[in-house]
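Going down the list, the protein sequences come from chains A and B. The numbers in the numbering used here rise by one with no breaks, and the one at position 147 of the first sequence is 147. The numbers in the numbering used here rise by one with no breaks, and the one at position 178 of the second sequence is 178.
Number of protein chains: 2
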Amino acid sequence: MESFSCPICRRPYPADVRSLFCPICGDPLLSAYVPKSPSIHRRSPMGVSRYLDFLPLDEFDTSLSLGEGGTPLQVLNRLQAKFHTPPLFAKNEAMNPTGSFKDRGSVIAIHMAKALGFETVGTISTGNMAGSTAAYAAKAGLRSVIFVKDDTPREKILAAGIHGANVIKVRGNYAALFWKSFEIGRVLSFYFINSVDPYRIEGYKVTSYEIYEQLGGKAPEYLFVPVSSGGHLIGLMRGFLDLRRAGLISRLPRFVGVQARGCAPIARAFDRHKKTISPVTNPRTVAHAIANPQPPGGKVLLRMLAANRGAMAAVGETEILKAQRALAEYEGIFCDPASATVLAAYLKMTKQGLIPPGARSVLVITGSGLKTLGDVDLSKLRIAQADLSDLPQLMSAWK
Amino acid sequence: MESFSCPICRRPYPADVRSLFCPICGDPLLSAYVPKSPSIHRRSPMGVSRYLDFLPLDEFDTSLSLGEGGTPLQVLNRLQAKFHTPPLFAKNEAMNPTGSFKDRGSVIAIHMAKALGFETVGTISTGNMAGSTAAYAAKAGLRSVIFVKDDTPREKILAAGIHGANVIKVRGNYAALFWKSFEIGRVLSFYFINSVDPYRIEGYKVTSYEIYEQLGGKAPEYLFVPVSSGGHLIGLMRGFLDLRRAGLISRLPRFVGVQARGCAPIARAFDRHKKTISPVTNPRTVAHAIANPQPPGGKVLLRMLAANRGAMAAVGETEILKAQRALAEYEGIFCDPASATVLAAYLKMTKQGLIPPGARSVLVITGSGLKTLGDVDLSKLRIAQADLSDLPQLMSAWK
Numbered sequence: 001m002e003s004f005s006c007p008i009c010r011r012p013y014p015a016d017v018r019s020l021f022c023p024i025c026g027d028p029l030l031s032a033y034v035p036k037s038p039s040i041h042r043r044s045p046m047g048v049s050r051y052l053d054f055l056p057l058d059e060f061d062t063s064l065s066l067g068e069g070g071t072p073l074q075v076l077n078r079l080q081a082k083f084h085t086p087p088l089f090a091k092n093e094a095m096n097p098t099g100s101f102k103d104r105g106s107v108i109a110i111h112m113a114k115a116l117g118f119e120t121v122g123t124i125s126t127g128n129m130a131g132s133t134a135a136y137a138a139k140a141g142l143r144s145v146i147f148v149k150d151d152t153p154r155e156k157i158l159a160a161g162i163h164g165a166n167v168i169k170v171r172g173n174y175a176a177l178f179w180k181s182f183e184i185g186r187v188l189s190f191y192f193i194n195s196v197d198p199y200r201i202e203g204y205k206v207t208s209y210e211i212y213e214q215l216g217g218k219a220p221e222y223l224f225v226p227v228s229s230g231g232h233l234i235g236l237m238r239g240f241l242d243l244r245r246a247g248l249i250s251r252l253p254r255f256v257g258v259q260a261r262g263c264a265p266i267a268r269a270f271d272r273h274k275k276t277i278s279p280v281t282n283p284r285t286v287a288h289a290i291a292n293p294q295p296p297g298g299k300v301l302l303r304m305l306a307a308n309r310g311a312m313a314a315v316g317e318t319e320i321l322k323a324q325r326a327l328a329e330y331e332g333i334f335c336d337p338a339s340a341t342v343l344a345a346y347l348k349m350t351k352q353g354l355i356p357p358g359a360r361s362v363l364v365i366t367g368s369g370l371k372t373l374g375d376v377d378l379s380k381l382r383i384a385q386a387d388l389s390d391l392p393q394l395m396s397a398w399k
Numbered sequence: 001m002e003s004f005s006c007p008i009c010r011r012p013y014p015a016d017v018r019s020l021f022c023p024i025c026g027d028p029l030l031s032a033y034v035p036k037s038p039s040i041h042r043r044s045p046m047g048v049s050r051y052l053d054f055l056p057l058d059e060f061d062t063s064l065s066l067g068e069g070g071t072p073l074q075v076l077n078r079l080q081a082k083f084h085t086p087p088l089f090a091k092n093e094a095m096n097p098t099g100s101f102k103d104r105g106s107v108i109a110i111h112m113a114k115a116l117g118f119e120t121v122g123t124i125s126t127g128n129m130a131g132s133t134a135a136y137a138a139k140a141g142l143r144s145v146i147f148v149k150d151d152t153p154r155e156k157i158l159a160a161g162i163h164g165a166n167v168i169k170v171r172g173n174y175a176a177l178f179w180k181s182f183e184i185g186r187v188l189s190f191y192f193i194n195s196v197d198p199y200r201i202e203g204y205k206v207t208s209y210e211i212y213e214q215l216g217g218k219a220p221e222y223l224f225v226p227v228s229s230g231g232h233l234i235g236l237m238r239g240f241l242d243l244r245r246a247g248l249i250s251r252l253p254r255f256v257g258v259q260a261r262g263c264a265p266i267a268r269a270f271d272r273h274k275k276t277i278s279p280v281t282n283p284r285t286v287a288h289a290i291a292n293p294q295p296p297g298g299k300v301l302l303r304m305l306a307a308n309r310g311a312m313a314a315v316g317e318t319e320i321l322k323a324q325r326a327l328a329e330y331e332g333i334f335c336d337p338a339s340a341t342v343l344a345a346y347l348k349m350t351k352q353g354l355i356p357p358g359a360r361s362v363l364v365i366t367g368s369g370l371k372t373l374g375d376v377d378l379s380k381l382r383i384a385q386a387d388l389s390d391l392p393q394l395m396s397a398w399k
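Pasting the structure below:
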């Protein structure tokens, strides 16, 4: 079993999923695994098995897989033409098995849960992570426990509950629940695979390798990623760092983490050149999937961005909903509002002339719009009513 | 441009999307394209481009693609163990860009719409086909018109409306609307890409080629497919017929089309050895996506099944909902009730000893459960409530 290390103080720790945070710094531990002259297994399809050398896994067990990864890198030619932007692409992670990028992390963490002999896994989530963890636990034959907020709407519970998960609606402080879950896990030998789990983060590296190959063996100049806990972007950065260490690329993309202005603890700290995160007291945004008021990976992410010329951006509610519609109307991609933040941030930066001509940008789309139908503004859509007999006349006006 | 032919009387017709039904037989025309010594382009990823030789397309325009195809063929090892079945697989078409198999057909039909110079496309649908057609029209920069029933719920309209489609809720006879749409299309030069469109059907062939390759260059012994209009199964059969004609396989799978007993016009005709379909007057099933009371491809499908030792099956409501939960709880696949019919039918046939030991069956999963959340029975799920402070005690009982 590989070991962990603290990304802040660099202290090594044994790979023990019962203690996932540095007792000195308080920050999430990351895998200390460093791929040694890794090869891409070009006969395997995209997904984990093709990049096994890069991951702390001895082998990939297809009986634990739901077919995650290998998502398309779509050329956004119509948005590019409309807004006169440099080359633009979307990596559509909403096309993973449960409709979000979380599946990339779940499949690796579930491999570890099996290897370590756990019989129960869990997570805290009101959305994508709940459905993903429950689905992968089901495929592996593990019991799952999902803690959700007391007021979580019915639909969000269904997507986890359908997989046989034990869903518990918890009354009380939600931030305290994060730490309580690890405590419960230690006592009962349950593995809580939360947002900044080190193995989850390793799974996100695979997306970077795929982007590199889909661009013909090159890194993009810019990579825009929605940021909540920080775990996803940390994983994507680690992926490109691996590619550079392996000599496959010579320079990293510029990483741009994006938050909604209504809950932007990491973007705010970045702007103020702070090294730590102040919690947001009253998060308010339609981008629910990234409305994390106290992101556990924030400090680590700030440090990694500083070390690699990365940046953070924040966007407003109107921009987010406009960007969501633009992706659907021009590119046929129906994503959730959290995903749309990256287009909003990109368009702002191109308007300000911050993206050089010819520089290729990749927007990482993190979740499907089918999970957040309630956030769509019906009044912006073209919906009419007619009698069958009036239809020909109504339509003839459209010729 | 390739031509069409009537699958009943074999008469040839010019490839004209303004007349898609044989004026003599009344049945949907199919593409007359026959692949001549086709090759699989093994350097292309799965999806249309890999199988271009098999399709009536000169080239594949990636700017019209949302990354459809290349869906996983998942080994259902846990269901197999639980129910002591022969080898079982799921082809998960819910992992297409808009969450259903319809995307396979939309991408080909939209290629044709562009090639033929149409500026507006349309469809009639209350579900998967609406979202798919609207998304692909958006990507292609075409206007789209979606006719839905007057009482279609809000969420179903959203997934099409978000792509800028003109959604029209039509009061009046829904079956009459099907024919009216073609009439409107002829007058206004709109291309109505409905369920049994010949190019849509060509797109479904690609799924068969993928299954053949994913099984290591072999056809499965059985293929189970949910049946509504008949178009999907007709396309899948044509795909395997192509593979046999090309000498890649020597025998076809046994095709089993599955309907819900509450709306089973084709299964009923098959049982009674009829050659034509009697419409269902009062369709009642939770499998809404396949509740087509008067399937336009029914007669053609019956004939193809008879010619190729295929069969039809019908399953009840309780079986369908049980199968939906079993796929989610044992295999991590959350599909809609229509998709779950195939597992229900398969389990019934294995119980009856109709599937020989060692015979490999593939279940085609056609749509995502995220689109039909309202059909999940909450009472069957494990949902509890607790105070944060009581959580450790509650959980300790679970050890």
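All residues carry an ideal CB built from backbone N, CA and C; glycine is no exception.
query	result
Mind checking whether V145(B) and I157(B) have CB atoms under 8 angstroms apart?	no
What residues in its chain sit with their C-beta under 7 angstroms from that of S39(A), if we drop five residues either side in the sequence?	D53
With the cut-off set at 8 angstroms, would you say A328(B) and A138(A) are in Cβ contact?	yes
If you draw a straight line from the C-alpha of A287(B) to the C-alpha of A326(B), how long is it?	16 angstroms
So what does L370(A) bridge to, in DSSP terms?	Bridge partners of L370(A): none, in fact.
So the candidates are C335(A), V75(A), E213(A); which of them puts its Cα closest to the Cα of V240(A)?	The sequence as given places Phe at residue 240(A); Val does not occur at that position. The option with the nearest alpha carbon to F240(A) is E213(A).
Among residues of its own chain, excluding the 5 on either side of E119(A), which ones have a beta-carbon nearer than 7 angstroms to its beta-carbon?	L142, R143
Below 8 angstroms, can you find three or more Cβ-Cβ pairs linking the stretch 93–109 of chain A to the stretch 67–75 of chain A?	yes
Where does F118(A) sit, in a helix, a strand or coil, going by DSSP?	coil
Could you work out which residue in L76(A), K114(A), G161(A), K169(A) is closest to Q385(B) when comparing CA atoms only?	K169(A)
Exposed or buried, what is S19(B) when buried is set at 16 or more other beta-carbons lying within 10 Å of its beta-carbon?	exposed
Would you identify the three-state DSSP class for D387(B), choosing helix, strand or coil?	strand
Can V258(B) and G310(B) be called in contact, C-beta distance under 8 angstroms?	no
Using the beta-carbon count (16 or more within 10 Å), is N24(B) buried or exposed?	As written in the sequence, residue 24(B) is Ile, which differs from the Asn given in the question. Result: exposed.
Starting from Y209(A), find everything on chain B with Cβ-Cβ shorter than 9 angstroms and list it in chain order.	Per Cβ cutoff of 9 angstroms: no residues; Y209(A) is ~15 angstroms from chain B at best.
At 9 angstroms on the CB atoms, spell out the chain B contacts of K180(A), in chain order.	L388, L391, P392
Taking 7 angstroms as the line, does the beta carbon of I193(A) fall inside it for any heavy atom of the ligand ATP?	Among the components of this structure there are no ligands whatsoever, and the ligand ATP is therefore not found.
Which full runs of the beta strand (DSSP E) of 3+ residues lie inside the stretch 299–326 of chain B, going along the chain?	311–315
In chain order, what residues of the same chain have a beta carbon less than 7 angstroms from the beta carbon of L394(A), not counting five sequence neighbours either side?	A386
According to the Cβ coordinates, are D377(B) and L321(B) closer than 8 angstroms?	yes
Quick one: Cα of P14(A) to Cα of F182(A), how far?	17 angstroms
Between which residues of its own chain and N308(B) is the CB-CB distance below 6 angstroms, once the five residues before and five after are set aside?	L252
Taking the alpha carbon of R244(B) as the point to measure from, which residue in K36(B), Y204(B), L177(B), S195(B) has its own alpha carbon closest?	K36(B)
Tell me whether the beta-carbon of L30(B) lies closer than 8 angstroms to the beta-carbon of I201(B).	yes
Pull up the distance between the alpha-carbon of T98(B) and that of G131(B), whole angstroms please.	7 angstroms
Would you mind stating whether V342(B) and F224(B) have Cβ atoms separated by less than 8 angstroms?	yes
Taking F240(A) as part of the beta strand (DSSP E), name the residues at either end of that continuous run.	No beta strand (DSSP E) contains F240(A), which is instead part of the alpha helix (DSSP H) from 231–245.
K169(B) by DSSP, collapsed to three states: which one?	strand
List, in chain order, every chain B residue whose beta-carbon is nearer than 8 angstroms to that of Q294(A).	Residues of chain B passing the Cβ test: none, with the nearest at roughly 16 angstroms.
Kindly indicate if chain B contains any beta-carbon less than 8 angstroms away from that of P97(A).	yes
From what residue to what residue does the alpha helix (DSSP H) around N96(A) run?	Here N96(A) belongs to no alpha helix (DSSP H), and DSSP marks it neither H nor E.
Since A269(B) is in the alpha helix (DSSP H), which residue starts that stretch and which ends it?	265–271
So that I know if they touch, is there some Cβ in chain A lying closer than 8 angstroms to that of P72(B)?	yes
Give a yes or no on whether the C-beta atoms belonging to A289(B) and C263(B) are separated by under 8 angstroms.	no
Is E331(A) close to chain B? Criterion is C-beta to C-beta, closer than 8 angstroms.	yes
Quick check: G369(B) and I383(A), are their CB atoms within less than 8 angstroms of each other?	no
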